DNA sequence: GTCTATAGAAGGATAGAC
DNA sequence: GTCTATCCTTCTATAGAC
């Protein structure tokens, strides 16, 4: 008896963990069942197939990642303030979800069609407004033209997302960051470093 | 008869393609055999197991990626020149190997021990010399302290690597980059954008 | 060295009892 | 709704002929 849907939720949460860790092809239904504390047959009772279970999970995780990435830009503050707030909150979010970036990026690269569910969510006109139009004056003051906006946007999100996606590459490059505590400290430092770095680059253009 | 080792090479190349596209867990020995134009049994004759074949391939691809990333820093030029050269050549390299970053990063995250083969190759003292010590004066002029070096390094490689790793996320964020031609143009533009951006940030610090 | 055939294990999915 | 038992396909790996 499960009128509360709590079994479905347990399955969903277990699946989220396993898929995020192992990826779609690496995940095993058996492991999901084990972590949910139920047996394999129930997985199929609730979600039919591995692929359907994965789709359900992925949609939520993808949304989770994008909402965090964009929600900050919706506020009524200056671009400079958005910049700092974004880096603070996004890095803070990723410190709690360090495996999310590589998982999402890899699954998307395996199957770009997985993004479909999100395309409805991202309103590009609105996004353009939040990021550029609304700050056109401020950004022009920094010598940023409409054409440079995509470069700037990609650069911005790369400051927070890349170090997590490249966590184990960084391990090799910088042995002092082998330890997770050190890495987390690095990412905390990065909040301010990145904000200053970007502002310095923009202000220099100003002249 | 294969005294020239060309069958082994055909297998190796086919395996490189398939593993890079599908990842370790997603790759199928059958597909590798098909692309190599031989049959499955031969794969095992030459490489024993899927895992051993993968290790052989991965080591080469990992090395390929790191060599490109670091070789530029070995030259006898100023930091500013290294910066431009790195972005030019690294982006050029990745335009020819666009799937390499997400593959390497994902496999490393699944199995960090895969980096072992490389740790011998990367001499950290030498690297520190090439990147920092040798340019200590120039970098101090930009207000970069020894402590900021890892932030700067990660930032630098993120300019080139991240957009490729996040190719399909960028597709969602920026619909104008759906088309691969547009994306490649974006990456070509990025060579100069990134160099200017970093130099602007550094020069601004100078004051 | 290369092939065909097949063993053997793993994993996704279903039947059927409770 | 949940479980046990089992089917069936897929995939890695090997045996053995040429």
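Chains as they are written, first to last, in this note's numbering: chain A, 3 to 209; chain B, 3 to 209.
Note that beta-carbon positions come from the ideal geometry of N, C-alpha and C, so glycine has one too.
Just so it is clear, the structure is predicted and the values come from calculations on it, not from any experiment.
Task: Contact set for residue 134 (chain A): own chain, Cβ-Cβ below 6 Å, skip 5 residues either direction - done: Working through the first chain from its first residue, we reach residue 134 (chain A) at position 132. So the list reads 151, once near-sequence residues are dropped.
- [ ] Would you kindly work out how many angstroms separate the C-alpha atoms of residue 141 (chain B) and residue 90 (chain A), rounded to a whole number?
- [x] One-based indexing of the second chain puts residue 141 (chain B) at position 139. One-based indexing of the first chain puts residue 90 (chain A) at position 88. Put simply, the backbone Cα of residue 141 (chain B) is about 27 Å away from that of residue 90 (chain A).
TODO: Measure the alpha-carbon distance for residue 37 (chain A) versus residue 205 (chain B) and round it to whole angstroms.
DONE: Taking the first chain and counting its residues from 1, the one referred to as residue 37 (chain A) is at position 35. Taking the second chain and counting its residues from 1, the one referred to as residue 205 (chain B) is at position 203. Whole-angstrom Cα-Cα distance: 53 Å.
Task: Inter-stretch contact (C-beta, 8 Å, three-pair minimum) for the segment 188-198 of chain B and the segment 73-91 of chain B - done: yes
Task: Test item: CB-CB of residue 207 (chain A) and residue 145 (chain A) under 7 Å - done: Here residue 207 (chain A) corresponds to residue number 205 of the first chain, with the count starting at 1. Here residue 145 (chain A) corresponds to residue number 143 of the first chain, with the count starting at 1. Yes, the pair counts as a contact, with Cβ atoms nearer than the cut-off.
TODO: Note down, in chain order, every chain B residue with its Cβ under 9 Å from the Cβ of residue 175 (chain A).
DONE: Here residue 175 (chain A) refers to the residue found at position 173 of the first chain. Here the neighbours are 68, 71, 72, 124, 126, 129, 152, 155, 156 and 159.
- [ ] Within the segment 109-167 of chain A, note down every full alpha helix (DSSP H) run reaching 4 residues or more, in order along the chain.
- [x] 118-121, 126-133, 138-143 and 151-167
Task: Test item: CB-CB of residue 75 (chain B) and residue 66 (chain B) under 7 Å - done: Translated into the one-based positions of the second chain, residue 75 (chain B) becomes position 73. Translated into the one-based positions of the second chain, residue 66 (chain B) becomes position 64. With respect to the 7 Å criterion, residue 75 (chain B) and residue 66 (chain B) are not classified as neighbours on the basis of their beta carbons.
Task: C-alpha distance - residue 247 (chain A) paired with residue 96 (chain B), whole-angstrom precision - done: With chain A covering only 3 through 209, there is no way to say anything about residue 247 (chain A).
Task: Residue environment, residue 3 (chain B), which counts as buried when at least 16 other CB atoms sit within 10 Å - done: On the second chain, position 1 is the one that residue 3 (chain B) refers to. Unreliable placement is indicated for residue 3 (chain B), whose pLDDT of 46 sits below 50; no coordinate value is reported for it.
TODO: Output, in sequence order along the chain, the residues in the segment 92-113 of chain A whose CB is closer than 8 Å to any CB in chain B.
DONE: 101, 104, 106, 107, 108, 110, 111 and 112
Open item on the list: Restricting to Cα atoms, I'd like to know which of B:108, B:48, B:53 and B:94 is closest to residue 70 (chain B).
Closed with: Within the second chain, residue 70 (chain B) is the residue found at index 68, counting from 1. Nearest in C-alpha terms to residue 70 (chain B), of all of B:108, B:48, B:53 and B:94, is B:94.
TODO: With 9 Å as the limit, tell me which residues of the segment 174-202 of chain B have their beta carbon closer than that to any beta carbon of chain A; keep them in chain order.
DONE: 174, 175, 176, 177, 178, 179, 188, 191, 192, 195, 196, 198, 199, 200, 201 and 202
Task: Spatial distance of residue 68 (chain A) from residue 112 (chain B) (CA atoms) - done: By 1-based counting over the first chain, the position of residue 68 (chain A) is 66. By 1-based counting over the second chain, the position of residue 112 (chain B) is 110. Going by the C-alpha atoms only, they are around 23 Å apart.
Open item on the list: Could you check whether the Cβ of residue 76 (chain B) sits closer than 7 Å to any Cβ belonging to chain A?
Closed with: Start at 1 with the first residue of the second chain, and residue 76 (chain B) comes out as number 74. Not one chain A Cβ lies under 7 Å of residue 76 (chain B).
Open item on the list: Give me, in chain order, the residues of the same chain whose beta-carbon lies closer than 6 Å to that of residue 163 (chain B); leave out the 5 immediate sequence neighbours on both sides.
Closed with: As a working mapping, residue 163 (chain B) is identified with position 161 in the second chain. Within the same chain, residue 163 (chain B) has close Cβ partners 103.
Task: residue 80 (chain A) to residue 200 (chain A) span [Cα, whole Å] - done: To locate residue 80 (chain A), count along the first chain from 1; it is residue 78. To locate residue 200 (chain A), count along the first chain from 1; it is residue 198. Cα-Cα distance, rounded: 15 Å.
Open item on the list: Could you tell me which whole alpha helix (DSSP H) segments of length 4 or greater appear in the segment 34-66 of chain A?
Closed with: 42-49
Open item on the list: I need the straight-line Cα distance from residue 154 (chain B) to residue 78 (chain A), nearest angstrom please.
Closed with: Numbered from 1 along the second chain, position 152 holds the residue referred to as residue 154 (chain B). Numbered from 1 along the first chain, position 76 holds the residue referred to as residue 78 (chain A). Residue 154 (chain B) and residue 78 (chain A): Cα-Cα distance of roughly 31 Å.
TODO: Check whether the segment 104-124 of chain A touches the segment 164-171 of chain B, counting contact only when three or more Cβ pairs, one atom from each stretch, lie closer than 8 Å.
DONE: A contact exists between the segment 104-124 of chain A and the segment 164-171 of chain B.
Open item on the list: Looking only at its chain, what residues have a beta carbon closer than 8 Å to the beta carbon of residue 18 (chain B), apart from the 5 residues adjacent to it on each side?
Closed with: Here the question's residue 18 (chain B) lines up with position 16 in the second chain. Cβ neighbours of residue 18 (chain B) beyond the five flanking positions: 59, 62 and 63.
- [ ] For residue 203 (chain B), count neighbouring Cβ atoms within 10 angstroms of its own Cβ and tell me buried if that reaches 16, exposed if not.
- [x] The residue you call residue 203 (chain B) lines up with position 201 of the second chain. Per the 10 Å Cβ criterion, buried.
- [ ] For residue 11 (chain A), count neighbouring Cβ atoms within 10 angstroms of its own Cβ and tell me buried if that reaches 16, exposed if not.
- [x] Numbered from its first residue, the first chain carries residue 11 (chain A) at position 9. It is exposed - the Cβ of residue 11 (chain A) has fewer than 16 other Cβ atoms within 10 Å.
TODO: Output the boundary residues of the alpha helix (DSSP H) element that contains residue 82 (chain A).
DONE: In the first chain, counting from the first residue as 1, residue 82 (chain A) sits at position 80. Start and end: 81-98.
Open item on the list: For residue 198 (chain B) and residue 54 (chain A), what's the separation of their Cα atoms in angstroms?
Closed with: As a first step, residue 198 (chain B) is located in the second chain; it is residue number 196 there, counting from the start. As a first step, residue 54 (chain A) is located in the first chain; it is residue number 52 there, counting from the start. Each residue's alpha carbon lies about 46 Å from the other.
Task: Beta-carbon gap between residue 28 (chain B) and residue 51 (chain A) smaller than 7 Å - done: Walking along the second chain from the start, residue 28 (chain B) turns up at place 26. Walking along the first chain from the start, residue 51 (chain A) turns up at place 49. Between residue 28 (chain B) and residue 51 (chain A), the C-beta spacing is not below 7 Å.
Task: Listed by chain order, chain A residues near residue 1 (chain B) by CB distance under 9 Å - done: Outside the shown range of chain B (3 to 209) lies residue 1 (chain B), about which nothing can therefore be said.
Open item on the list: In this structure, how does DSSP classify residue 28 (chain B) when only helix, strand and coil are distinguished?
Closed with: Reading the second chain from its first residue, position 26 is the one you call residue 28 (chain B). Look at residue 28 (chain B) here: in three-state DSSP terms it is helix.
Task: Inter-residue Cα distance where the pair is residue 174 (chain B) and residue 120 (chain A) - done: By 1-based counting over the second chain, the position of residue 174 (chain B) is 172. By 1-based counting over the first chain, the position of residue 120 (chain A) is 118. Spanning the two alpha carbons is a distance of roughly 8 Å.
Open item on the list: At the 7 Å Cβ level, is residue 41 (chain B) part of the contact set with chain A, yes or no?
Closed with: The sequence position of residue 41 (chain B) within the second chain is 39, counting from 1. No, no contact with chain A.
Open item on the list: Quick check on residue 169 (chain A): does DSSP put it in helix, strand or coil?
Closed with: Translated into positions along the first chain, residue 169 (chain A) becomes position 167. Correct three-state label for residue 169 (chain A): helix.
TODO: Give the interface partners of residue 207 (chain A) over in chain B, defined as CB-CB distance under 8 Å, in chain order.
DONE: Here residue 207 (chain A) refers to the residue found at position 205 when the first chain is read from its first residue. Against chain B, a Cβ distance below 8 Å from residue 207 (chain A) picks out 202.
TODO: Taking residue 90 (chain A) as the query, report the chain B residues whose CB atoms sit under 7 Å from its CB, ordered along the chain.
DONE: As a position in the first chain, residue 90 (chain A) is number 88, starting the count at 1. Near residue 90 (chain A) there are no residues of chain B at all, since even the closest Cβ is about 16 Å away, more than 7 Å.
Open item on the list: With a threshold of 7 Å between beta-carbons, can residue 117 (chain A) be considered close to chain B, or not?
Closed with: Looking up residue 117 (chain A) in the first chain gives position 115. Answer yes: the Cβ-Cβ gap between residue 117 (chain A) and chain B drops below 7 Å somewhere.
Open item on the list: Taking the beta carbon of residue 39 (chain A) as the centre, do at least 16 other beta carbons fall within 10 Å, making it buried, or is it exposed?
Closed with: Along the first chain, one-based indexing puts residue 39 (chain A) at 37. So residue 39 (chain A) counts as exposed.
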